[in-house]
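First comes the structure, then the notes that go with it.
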Amino acid sequence: MCDTCGCNVTPAADDHAVEVLQGLLAANDHEALHNREHFSRHNVLAINLMSSPGAGKTSLLEATIEALGSDLRIAVVEGDLETENDADRIRKKGVPAIQISTGSACHLDAHMVHDALHELDLDDVDVVFIENVGNLVCPASFDLGQHINVALLSTPEGDDKPAKYPVMFRAADLVLITKSDLLEVLGDFDPVAAEGYVRQIANPAPLFNVSAKTGTGMDAWLDWIRSEAGSRV
Amino acid sequence: MHELAVCQALIGQVTDVAQDKKASTVSDIYVSVGPLSGVEAPLLQNAFPIAAAGTVAKAATLHLDATPIRVHCEECGAESEVKMNRLVCKECGDWRTTLISGDELMLQRVVLGEINV
Numbered sequence: 001m002c003d004t005c006g007c008n009v010t011p012a013a014d015d016h017a018v019e020v021l022q023g024l025l026a027a028n029d030h031e032a033l034h035n036r037e038h039f040s041r042h043n044v045l046a047i048n049l050m051s052s053p054g055a056g057k058t059s060l061l062e063a064t065i066e067a068l069g070s071d072l073r074i075a076v077v078e079g080d081l082e083t084e085n086d087a088d089r090i091r092k093k094g095v096p097a098i099q100i101s102t103g104s105a106c107h108l109d110a111h112m113v114h115d116a117l118h119e120l121d122l123d124d125v126d127v128v129f130i131e132n133v134g135n136l137v138c139p140a141s142f143d144l145g146q147h148i149n150v151a152l153l154s155t156p157e158g159d160d161k162p163a164k165y166p167v168m169f170r171a172a173d174l175v176l177i178t179k180s181d182l183l184e185v186l187g188d189f190d191p192v193a194a195e196g197y198v199r200q201i202a203n204p205a206p207l208f209n210v211s212a213k214t215g216t217g218m219d220a221w222l223d224w225i226r227s228e229a230g231s232r233v
Numbered sequence: 234m235h236e237l238a239v240c241q242a243l244i245g246q247v248t249d250v251a252q253d254k255k256a257s258t259v260s261d262i263y264v265s266v267g268p269l270s271g272v273e274a275p276l277l278q279n280a281f282p283i284a285a286a287g288t289v290a291k292a293a294t295l296h297l298d299a300t301p302i303r304v305h306c307e308e309c310g311a312e313s314e315v316k317m318n319r320l321v322c323k324e325c326g327d328w329r330t331t332l333i334s335g336d337e338l339m340l341q342r343v344v345l346g347e348i349n350v
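Heads up: the sequence lines are chains U and H, in that order. Anchor point for the first sequence: position 220 equals 220 in this note's numbering, and the numbering is continuous, going up by one each time. Here this note's numbering = 1-based position in the second sequence + 233.
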């Protein structure tokens with residue numbers, strides 16, 4: 001017995017030990033389930049967009065709204081540390097955007113999304129995009145109540161991002177390789193290698209190359225949204 | 234740094250357990266953390282005193298049990314222990330695997346201190 005390693009501490013009586021076996025994020029997961037039911041009850045498809053900062057989430061949304069705006073009623077929940085800049089960009093496209101200012105928080109959670117949904121009439125919406133905080137680490141741990149996770153991987157970031165951030169890319173149901181117009185200029189981003197890294201984390205998600213700037217590859221993404229939204233109506 | 238948010242959720246659960254059992258203090262908290270949970274054990278450990286301050290768990294010790302990452306191969310049926318960014322079967326090399334363990338983030342057990350009868 002010593003005072004160093006703790007071996008002198010008397011073990012607690014059995015009736016003092018309580019087996020819990022509960023996920024640490026149980027409260028968040030409960031709220032997420034509630035959000036998902038809320039979306040589903042209104043036949044709304046909820047898509048969580050995740051990426052590093054500057055991968056082009058807002059630009060992708062702008063181009064998506066322009067292309068789909070007449071077919072599907074879109075709304076956007078914007079997560080941002082401080083500004084309303086991204087929400088303003090979305091509103092200029094004529095769709096409702098609810099801004100969640102997270103302050104210094106590095107991710108959205110289900111409670112924040114729940115609060116944002118109070119400001120949105122889902123009867124008038126077919127698809128809600130939740131633009132998560134630009135961050136490839138923290139958002140992956142929090143279920144928001146989305147139906148689908150989409151991870152963006154922009155070409156300047158390098159094709160090995162899925163190997164560096166496996167938790168995020170393992171959670172993705174679809175991976176968009178954005179800024180694909182730069183593939184030729186950069187020369188060192190290999191979309192086949194990127195797919196290989198996604199498979200190595202046992203993720204069967206499809207990968208699409210898209211450029212919101214030139215429109216190249218956008219059709220596959222837009223068809224995918226139409227198909228996913230259609231299957232929920 | 235979402236570990237503080239995770240730690241605050243943990244303290245909430247521990248507080249519920251303590252209140253339920255009418256305990257005024259908690260001495261030990263056991264949590265299992267898999268690398269694929271997205272939570273870093275050392276950061277969780279560092280965040281713990283901040284989240285625990287002023288709660289029933291203020292003097293508690295947080296025990297973190299790191300679970301290994303294990304996958305089951307859908308192709309050949311083998312089980313392997315793997316690295317977090319290479320979840321492929323070690324036997325046949327196929328990537329179509331299912332995770333058996335390694336993404337846990339679970340409160341296993343709470344040991345209570347003083348119980349008010």
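C-beta: ideal position from N, C-alpha, C; glycine also.
Can you find the residues in the same chain that come closer than 6 Å, C-beta to C-beta, to residue i, ignoring five residues on each side of it along the sequence?
i       : result
P53(U)  : G134
L243(H) : none
L122(U) : H42 and V44
V350(H) : none
H296(H) : Y263
D336(H) : G267, L269 and S270
E78(U)  : D86, A87, A97, Q99 and E131
E159(U) : In the sequence as displayed, the identity of residue 159(U) is Asp instead of Glu. Closer than 6 Å at Cβ, skipping near neighbours: F189, D190, A193 and A194.
Between residue i and the rest of its own chain, which residues show a CB-CB distance below 7 Å, the 5 nearest in sequence each way excluded?
i       : result
T330(H) : V304, H305, C306, E307, L320, V321 and C322
V9(U)   : Reliability fails at V9(U), whose pLDDT of 47 lies under 50, so the model's placement of it is uncertain and no value is given.
P11(U)  : Residue placement at P11(U) is flagged as unreliable, the pLDDT there being 48, under the threshold of 50; a coordinate-derived value is accordingly withheld.
E84(U)  : Q99
K254(H) : L345 and I348
H235(H) : none
H16(U)  : none
Going along the chain, which residues of its own chain have a beta-carbon closer than 8 Å to the beta-carbon of residue i, five neighbours each way excluded?
i       : result
S260(H) : A292, A293, T294, V344, L345 and G346
L237(H) : A280, I283 and A284
H150(U) : Rather than His, the amino acid found at residue 150(U) in this sequence is Val. Here the set comprises I47, N48, L49, M50, A172, D173, L174, V175 and L176.
S70(U)  : none
T216(U) : S180, D181, N209 and V210
Q278(H) : L295 and L297
Which residues does DSSP list as the beta-bridge partners of residue i?
i       : result
E19(U)  : R342(H)
Y263(H) : H296(H) and R342(H)
L207(U) : V175(U)
F129(U) : I47(U) and V76(U)
N149(U) : N48(U)
C306(H) : T330(H)
I348(H) : A256(H)
R170(U) : DSSP output for R170(U) lists no bridge partner at all.
R319(H) : K316(H)
A97(U)  : V76(U)
S154(U) : T178(U)
Which residue wins for smallest C-alpha separation from residue i, given the options the options?
i       : options                               : result
A26(U)  : G287(H), N349(H) and M339(H)          : M339(H)
V219(U) : D15(U), L68(U), L24(U) and A193(U)    : A quick correction: the sequence has Asp, not Val, at residue 219(U). Here the closest residue by C-alpha is L68(U).
S211(U) : G187(U), A202(U), I177(U) and D223(U) : I177(U)
Q341(H) : V239(H), V247(H) and A238(H)          : V247(H)
S40(U)  : V137(U), P139(U) and Q146(U)          : Q146(U)
N35(U)  : L183(U), P206(U) and V128(U)          : V128(U)
C309(H) : P301(H), H296(H), D327(H) and S265(H) : D327(H)
P206(U) : H111(U), D143(U) and I148(U)          : I148(U)
A75(U)  : E84(U), I98(U), L81(U) and T58(U)     : I98(U)
E314(H) : L332(H), Q252(H) and V264(H)          : L332(H)
F169(U) : A32(U), L60(U) and G196(U)            : G196(U)
T58(U)  : S180(U), V18(U), I90(U) and L33(U)    : I90(U)
A299(H) : Q252(H), G271(H) and V250(H)          : G271(H)
E228(U) : L72(U), N209(U) and L183(U)           : L72(U)
L61(U)  : A87(U), H38(U) and Q200(U)            : A87(U)
M317(H) : V20(U), L24(U), L222(U) and Y165(U)   : Y165(U)
W221(U) : E37(U), L24(U) and T64(U)             : T64(U)
Rounded to whole angstroms, how far is the Cβ of residue i from the Cβ of residue j, which I believe are closer than 8 Å?
i       : j       : result
K93(U)  : E66(U)  : 7 Å
S104(U) : L120(U) : Actually they do not touch by this definition, with Cβ atoms about 25 Å apart.
V167(U) : A140(U) : 5 Å
A55(U)  : S154(U) : 4 Å
I302(H) : S334(H) : 7 Å
N28(U)  : A116(U) : Not quite, the Cβ-Cβ distance comes to about 15 Å (not below 8 Å), so this is no contact.
I201(U) : P162(U) : 6 Å
L108(U) : L144(U) : 6 Å
V239(H) : V20(U)  : No, V239(H) and V20(U) are not in contact; Cβ-Cβ is about 15 Å, not under 8 Å.
P156(U) : L183(U) : That belief does not hold up - the Cβ atoms of P156(U) and L183(U) are roughly 10 Å apart, past 8 Å.
Under 7 Å, CB to CB, which of the residues in the stretch 190 to 209 of chain U have a partner in chain H?
Only R199, Q200, I201 and A202 from the stretch 190 to 209 of chain U bring a Cβ to less than 7 Å from some Cβ of chain H.
Tell me which residues of the stretch 12 to 38 of chain U have at least one Cβ-Cβ distance to chain H shorter than 9 Å, keeping chain order.
Taking 9 Å as the upper bound on Cβ-Cβ separation, chain H lies near residues A12, D15, H16, A17, V18, E19, V20, L21, Q22, G23, L24, L25, A26, A27 and N28 of the stretch 12 to 38 of chain U.
With 7 Å as the C-beta to C-beta threshold (strictly closer), list the residues of the stretch 149 to 160 of chain U near chain H in chain order.
Under the 7 Å Cβ criterion, the stretch 149 to 160 of chain U contributes no residue.
Of the residues that make up the stretch 170 to 182 of chain U, which ones have a beta carbon closer than 9 Å to any beta carbon in chain H?
Listed in sequence order: R170 and A171.
Using a beta-carbon distance cut-off of less than 8 Å, what residues from the stretch 302 to 326 of chain H approach chain U?
Only V304, M317, N318, R319, L320 and V321 from the stretch 302 to 326 of chain H bring a Cβ to less than 8 Å from some Cβ of chain U.
Taking Cβ-Cβ distances below 8 Å as the criterion, which residues of the stretch 55 to 86 of chain U are in contact with chain H?
Within the stretch 55 to 86 of chain U, no residue has a Cβ lying closer than 8 Å to any Cβ of chain H.
Determine which residues of the stretch 243 to 255 of chain H have a Cβ less than 7 Å from any Cβ of chain U, and write them out in chain order.
Of all residues in the stretch 243 to 255 of chain H, only L243, G245, Q246, V250 and K254 place a beta-carbon less than 7 Å from a beta-carbon of chain U.
Please identify, using Cβ separations under 8 Å, the residues of the stretch 98 to 125 of chain U that lie next to chain H, in order along the chain.
Residues of the stretch 98 to 125 of chain U whose Cβ lies closer than 8 Å to any Cβ of chain H, in chain order: A105, C106, H107 and D109.
Where the stretch 129 to 149 of chain U meets chain H: residues whose CB sits under 8 Å from a CB there:
Listed by position along the chain: V137, C138, A140, S141 and F142.
May I ask you to list, following chain order, the residues of the stretch 331 to 346 of chain H that have a beta carbon less than 9 Å from some beta carbon of chain U?
Listed in sequence order: T331, L332, D336, E337, L338, M339, L340, Q341, R342, V343, V344, L345 and G346.
Of the residues that make up the stretch 269 to 289 of chain H, which ones have a beta carbon closer than 8 Å to any beta carbon in chain U?
Listed in sequence order: L269, S270, G271 and V272.
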